[in-house]
Structure formats: structure tokens, C-alpha cells
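My numbering puts the last residue of the sequence shown at 735; the count rises by one with no breaks.
Think of the CB as a built atom: it goes at the ideal place given N, C-alpha and C, for glycine as much as any other residue.
A quick write-up on the structure given underneath.
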Amino acid sequence: MKRGALTQAGVTLFFAGLLATTAVLGRATPERGRESSADTGEAKARYGFRLEEVSRKAGIDFVHEAPTLHGSLSHIMPQIASMGAGVSVADFDGDGWSDLYVTNSREGSKNRLYRNRQDGSFEEVAERVGLADLNQTGTGVCMGGIWGDYDNDGYEDLLLYKWGRPELFHNDGGKKFTRVSETAGLPAWCNANSAVWLDYDRDGRLDFLLAGYYPDSLNLWDLKSTRMMPESFEYAKNGGRKYLFRNEGGGRFRDVAAEVGLDSSRWALAVSAADLRGTGYPDIVIANDYGVSEFWANDGGKRFREIGAQTGIGKSPKSGMNVAFGDIMNQGQFSIYITNISETGVLIQGNNLWVPSTPGPDLQYQNMAEAMKVELGGWSFGAQFGDLNNDGFQDLFLTNGYVSASRDKSYWYDFSKIAGGNTAIIGDAKNWPPMEDMSLSGYQQKRVWLNDGGGEFKDVAQMVGVRETYDGRAVVMADFQNRGALDVAIAHQRGPLLLYRNDLQPGQGWIGFELEGTRSNRSAIGAQVRVFWNGQQQVQQVSGASGFCAQNQRRLHFGLGKDPKIEKVVVRWPSGQEQTLPAPESGKLHRIKEGA
């Protein structure tokens with residue numbers, strides 16, 4: 140239900156633009172992908188890689204299906220039911236090869252788990268292992284899933300978040316999964332659109348944050364009232380609550396959100412966690428719809444403080460949909476990418492690239508999205524950082540597009556009828572104009588932004604082979620063939636799961652790391668790795684979720700450019716322990732056990 144938060148000034152400009160172009164908007168044709176004549180050889184030579192779409196060749200045939208909610212929402216169903224389509228990466232069977240899990244959202248539809256066959260292809264095994272039939276009538280529908288070894292037995296377990304009943308599945312030795320939701324202490328109903336694994340108190344056991352979008356009291360299939368929309372386009376606080384489940388051991392979790400001060404009820408669409416202030420404890424960043432982003436500072440695993448306005452990222456209300464961290468300047472610090480809405484001639488919120496200007500406990504950020512050319516990405520959903528051409532700098536892949544229907548009809552003018560309303564008008568779904576077969580920021584071209592290492596990104600999507608215009612939601616990066624190159628998988632709302640194989644130009648160095656915690660959680664979620672080479676450094680972390688409804692591979696991949704000379708690698712574990720590897724060999728994956 141992503142419709143965009145507008146500031147008061149934005150509403151005024153929004154109406155002015157619409158009134159001046161009413162006739163044009165009424166028959167606007169959504170953006171189409173541009174054609175490119177660049178062939179594989181030219182793209183590889185110029186940009187260092189090319190992406191080849193290989194999903195069918197690889198045995199992937201998934202197409203996402205949207206839910207059908209209460210009949211009182213039928214007039215705006217395309218936008219209300221526009222979420223889901225989550226994708227995550229996990230080596231669920233422990234064979235050393237990354238697998239893919241994708242969620243479906245129609246009542247009765249089935250999720251898919253694609254097991255990596257180690258030859259470039261996948262086999263679908265969700266039914267066999269017990270992770271398919273999870274959209275049963277009366278239980279809600281899936282938004283996404285994230286993986287983490289909560290009992291430290293060596294196998295990644297699955298947390299499934301839904302508009303409905305969240306689920307936790309224990310991984311039984313990579314052979315099958317057992318549902319443990321009730322014994323784990325999960326709520327009976329939570330309209331969550333995001334979640335993240337983290338060890339917030341550094342006790343060696345994984346905890347998780349479950350972030351609600353709608354309030355828990357709302358059943359979208361059994362509405363008692365149509366007054367279920369946000370109270371404001373700027374500062375809505377009538378959304379879902381946040382749960383912070385502390386791992387008590389023995390497969391049991393306890394919600395401690397109130398105890399630690401995590402009391403947000405904004406409309407959360409994405410959440411991620413990392414030690415951003417250098418305290419050793421993971422902080423939490425939440426991208427909220429209809430309002431400001433939140434930065435929850437972790438004070439020693441005891442309390443959380445919301446300091447978004449203080450850091451800069453929580454000053455201006457927008458339509459946050461994505462949270463991703465990346466050391467884009469190779470300075471050993473994480474920047475934060477939060478996506479929003481941009482529609483030429485109608486509404487320009489712009490995406491935010493928050494670059495730290497004052498690191499440390501008193502952290503502050505500056506928005507460098509415009510200066511670095513990653514501000515305008517359409518109706519932007521999921522995005523991930525990763526070095527796609529192994530030149531030593533992290534690039535950025537962005538998905539976009541909201542509702543693609545008629546190419547000749549736009550909903551933006553009709554949307555304006557509600558945009559300037561008061562709380563009573565906005566908050567009631569019955570007041571929203573019928574969408575019928577109109578598009579809303581549909582048929583948009585994805586962005587593949589290459590980092591030039593000098594402070595700018597360049598969009599090369601068309602040239603490197605990403606030309607489809609399905610409505611993108613989640614995106615992940617992973618080295619699915621264990622060859623030192625990041626591939627890309629994209630889940631689309633009402634569209635196919637696409638796998639792009641990275642056809643990499645030879646000659647660029649790389650190094651990879653797969654970590655296993657001992658004192659820390661075994662998944663090593665929260666661990667940070669710093670690589671020092673050729674007079675520069677880059678930091679990455681093992682993440683418990685990143686992007687919109689997504690989770691990348693757990694192993695870390697560093698591009699190193701030409702002729703890399705690695706000086707050292709420093710691993711800082713969640714426990715606080717540090718390990719230094721002097722001059723490890725490039726061009727290979729290093730498996731590191733904490734303390735070994």
C-alpha cells in the first residue's frame with residue numbers, strides 16, 4: 140500500500156503541477172525501457188561485466204501472485220495489495236552453495252525454495268522440506284523471510300513475516316523444517332512488512348526485530364471499518380508496533396521492546412541493523428512510509444534511543460522503502476541508502492544516500508544522493524550495495540515500479556484528489572478514488588549504478604543487460620556459482636523471479652569471507668570485516684536483513700581491482716573479539732572461525 144508521503148509544501152507543489160497538466164496526466168504513458176545496441180563484448184569491455192538473465196535456463200519458474208483482501212478495498216486493490224514478493228539467500232543445507240527462497244502472497248499460493256545444484260541450475264524443494272504451503276486461508280499472506288541460526292546448531296533457521304501470523308521454522312539438519320512459532324512465543328497476528336536478525340545484547344544468541352506496517356488489530360480479510368489508512372502523509376503514527384524478541388535460549392523468545400524503549404508505531408517498510416556508531420552494539424535503522432526514517436541507537440544492549448533527527452536521517456518525512464548499508468567511499472564507514480518516490484513532473488521526493496560526516500557516538504549524516512547521482516530512481520523499492528565489476532568500489536542495484544496496468548492511463552491525477560485531504564478524508568479507504576485499470580508509476584526502468592570511486596555513480600542498466608520493466612520489489616546479490624562474481628536475483632510484484640548471471644570481465648581481483656561464530660552467534664550476524672589493500676580499506680558486515688523484504692548471502696564479497704596487494708584483514712566479531720589475518724590470498728573464499 141505504498142502511496143507516498145507528501146510534506147505540506149510538497150502537497151502544494153503537487154497540486155500546482157497536476158492542475159497545470161491535467162489533460163496530459165489523464166492520458167500519460169508510463170515510462171518504458173529504452174533499447175540499447177550494446178552487445179556483450181562491448182559492455183564487458185567498457186564496464187567490466189554484463190548481466191545475463193538466466194532464470195528459465197537455471198530452472199526457476201516462479202511468478203508472484205498478489206492477495207485478494209476485503210471487498211471494501213476492491214476499488215483500490217491494485218495498490219493495497221502491492222507488497223509481498225520477498226526474496227532471500229541462504230545455504231539452508233550447509234553444502235557451501237547459496238540457495239534462494241521467494242515468498243508468494245495470494246491466499247493458497249505457495250512459496251518456493253530453490254536449492255543450488257552447483258552446476259548453474261536450481262531444483263525447487265520447498266514442498267519437500269515443509270516451507271511451501273504458508274499462505275493458508277485465515278493465516279494471512281507472506282511478505283518475506285529471513286535466515287539465521289537462532290540455536291547455534293550450524294543450520295540456518297527461517298523467520299517468516301506476514302500480513303497475518305508470523306512463523307518461525309527450525310532447520311532440522313538441512314533435510315526438513317519444523318514449525319515452532321507457538322513454542323517460540325511469536326504473536327498470533329502481526330501485519331509486518333519487515334524484520335531483521337541481530338544480537339542486540341551480544342550474548343551470543345540471535346534476537347530479531349519484527350516491524351509492523353498495519354496495526355496488529357487489523358485483519359485485511361475481515362475489516363470492520365475502512366478507516367485503516369494512515370492518519371497523515373507526513374507523520375503518521377497509527378501503523379504497526381515493533382517487537383524486539385530476545386532469544387532466551389531453548390528455542391524461546393521474549394518480546395522486550397517496551398523494556399528497551401523501542402516504542403515506534405510508524406508504518407515500517409524496511410529495517411536493518413549495524414554498529415554504525417562504533418560502540419560494538421548494533422543500532423537499528425527503519426525506513427517508514429508516510430513519515431520520517433528512524434535511527435535507534437543501542438545503548439549497551441540495555442536501551443534504545445531514537446536519534447533520527449539528531450543524525451539527520453529523520454528530519455524530513457518521505458516514503459521510506461529500503462535500508463541498505465555500504466562503504467561507498469572506501470573510508471571504513473557505512474553510508475545508508477533509503478529509497479523514496481520520484482515521478483518526473485509530479486512528485487520528486489528523491490532517494491537518500493546518507494554519508495557520515497561526523498563518525499562516532501555523536502554520528503551525523505549528510506544526504507549526498509543528488510551529488511552522487513543516485514537520487515532519482517522512480518518509485519524506488521529494494522536496493523543493494525555490491526561490487527558488480529570487482530573494481531574495488533561498491534555499486535548499487537535498484538528496483539522500482541509500483542503498479543503497471545494500462546500504458547495509456549495514469550492514476551496520479553486521481554491520487555491528487557486525496558493527497559491534500561485532512562486526516563478524516565485520508566484515513567478512510569472509501570474516500571480513495573477507484574484505480575480501475577490505471578497505472579501508478581508503472582513500467583519503470585531499473586537502475587544499475589556503477590561507483591566510479593570518485594564520488595559519483597553512473598546508471599548502466601540498459602548497457603549491461605537489465606532492460607525489463609516488471610514492478611520490482613526485493614533484490615539480492617550473491618555468488619551463486621562460487622566463482623568470485625556477484626549475481627543478482629529480483630522478485631517482482633505480480634511478476635517473475637529473475638536471476639541475472641554476472642558475466643565478469645577477467646582481470647579484477649576479489650576476496651571472500653565466510654564466518655562462523657563461537658562466542659558470537661554462529662551465523663556471525665553483526666560481524667564486520669575490514670580489508671586493507673593498495674593503500675585503501677573497505678568494511679562490510681554480515682547482515683540479518685538488508686533492503687526491502689530481502690536478505691543477501693551471508694558470506695562477504697570484496698572486489699579488489701587490478702593487481703591487488705592485501706596488507707591485512709581485520710575481523711571484529713559481535714562478541715568484541717578481533718582477529719587479524721596478515722596478507723591473506725586474494726582470488727579465493729576464506730572460511731574463518733571465531734578464535735581459531
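If residue i sits next to residue j, beta carbons under 8 Å apart, how far is it from one beta carbon to the other, in whole angstroms?
{"i": "Y300", "j": "A334", "result": "5 Å"}
{"i": "A630", "j": "G225", "result": "6 Å"}
{"i": "T562", "j": "E370", "result": "5 Å"}
{"i": "S221", "j": "Q632", "result": "6 Å"}
{"i": "G540", "j": "Q583", "result": "4 Å"}
Hey, how far is the Cα of residue i from the Cα of residue j?
{"i": "S580", "j": "D547", "result": "12 Å"}
{"i": "D230", "j": "W236", "result": "6 Å"}
{"i": "D591", "j": "G560", "result": "44 Å"}
{"i": "S662", "j": "Q716", "result": "15 Å"}
{"i": "I425", "j": "L362", "result": "27 Å"}
{"i": "T538", "j": "R444", "result": "31 Å"}
{"i": "P354", "j": "T483", "result": "33 Å"}
{"i": "D346", "j": "R385", "result": "5 Å"}
{"i": "D422", "j": "G465", "result": "15 Å"}
{"i": "E653", "j": "Y504", "result": "30 Å"}
{"i": "A617", "j": "N255", "result": "12 Å"}
{"i": "M216", "j": "A205", "result": "10 Å"}
{"i": "E575", "j": "V668", "result": "50 Å"}
{"i": "Q307", "j": "S320", "result": "Rather than Gln, the amino acid found at residue 307 in this sequence is Leu. Each residue's Cα considered, the two are about 5 Å apart."}
{"i": "D296", "j": "G312", "result": "10 Å"}
{"i": "S458", "j": "G521", "result": "13 Å"}
{"i": "L720", "j": "V709", "result": "6 Å"}
{"i": "S404", "j": "W493", "result": "23 Å"}
{"i": "W435", "j": "P713", "result": "18 Å"}
{"i": "F232", "j": "D414", "result": "This sequence places Asp at residue 232; Phe is not what is there. The straight-line gap from Cα to Cα measures roughly 29 Å."}
{"i": "R195", "j": "V615", "result": "18 Å"}
{"i": "I467", "j": "D402", "result": "32 Å"}
{"i": "N427", "j": "N490", "result": "13 Å"}
{"i": "R606", "j": "D290", "result": "42 Å"}
{"i": "E724", "j": "L695", "result": "15 Å"}
{"i": "S455", "j": "F554", "result": "22 Å"}
{"i": "G593", "j": "V603", "result": "21 Å"}
{"i": "K183", "j": "S545", "result": "36 Å"}
{"i": "L357", "j": "M367", "result": "8 Å"}
{"i": "G740", "j": "E655", "result": "Lying outside 140 to 735, the shown extent of the chain, residue 740 is not represented and no answer is given."}
{"i": "L349", "j": "W336", "result": "9 Å"}
Count the other CB atoms within 10 Å of the CB of residue i; is the residue buried (16 or more) or exposed (fewer)?
{"i": "K569", "result": "exposed"}
{"i": "K314", "result": "exposed"}
{"i": "T450", "result": "buried"}
{"i": "K701", "result": "exposed"}
{"i": "K741", "result": "The requested residue 741 does not occur in the structure, where the chain is confined to residues 140 to 735."}
{"i": "V542", "result": "buried"}
{"i": "G651", "result": "buried"}
State the DSSP-derived secondary structure class of residue i, mapped to helix, strand or coil.
{"i": "Q147", "result": "Note that Q147 scores a pLDDT of 40, beneath 50, so its modelled location is shaky and nothing firm can be said."}
{"i": "T497", "result": "strand"}
{"i": "F434", "result": "strand"}
{"i": "F201", "result": "coil"}
{"i": "T106", "result": "Outside the displayed span of the chain (140 to 735) sits residue 106, for which this structure offers no information."}
{"i": "G343", "result": "coil"}
{"i": "F788", "result": "Only positions 140 to 735 of the chain appear in this structure, which leaves residue 788 out of reach."}
{"i": "M216", "result": "helix"}
{"i": "W551", "result": "helix"}
{"i": "V280", "result": "strand"}
{"i": "V709", "result": "strand"}
{"i": "I285", "result": "strand"}
{"i": "M574", "result": "coil"}
{"i": "R304", "result": "coil"}
{"i": "S455", "result": "coil"}
{"i": "E382", "result": "Inspection of the sequence shows that residue 382 is occupied by Tyr rather than by Glu. In the structure shown, Y382 sits in a strand (DSSP, three-state: E or B)."}
{"i": "K738", "result": "Any answer about residue 738 is impossible in this case: the structure gives the chain only from 140 up to 735."}
{"i": "R633", "result": "coil"}
{"i": "T179", "result": "helix"}
{"i": "I425", "result": "strand"}
{"i": "E387", "result": "strand"}
{"i": "E373", "result": "coil"}
{"i": "E192", "result": "strand"}
{"i": "G253", "result": "Checking the sequence shown, residue 253 turns out to be Tyr, not Gly. The answer is strand: DSSP assigns Y253 an E or B state."}
{"i": "G484", "result": "coil"}
What I want to know is whether the C-beta of residue i ends up closer than 8 Å to one or more non-hydrogen atoms of the ligand ZN.
{"i": "K597", "result": "The ligand ZN is not part of the structure shown, which contains no ligands of any sort."}
Quick one: is residue i near chain D, going by C-beta distance under 9 Å?
{"i": "E514", "result": "Absent from the structure: chain D. Only one protein chain is present."}
| Taking three-plus beta-carbon pairs below 8 Å as touching, is the segment 242-250 in contact with the segment 269-288? | yes
| Using 8 Å as the threshold, is the segment 496-516 in touch with the segment 663-671, meaning 3 or more CB pairs across them? | no
| request: Count the C-beta pairs between the segment 610-627 and the segment 667-684 that are closer than 8 Å, then say yes if the count reaches three, no if not. | output: no
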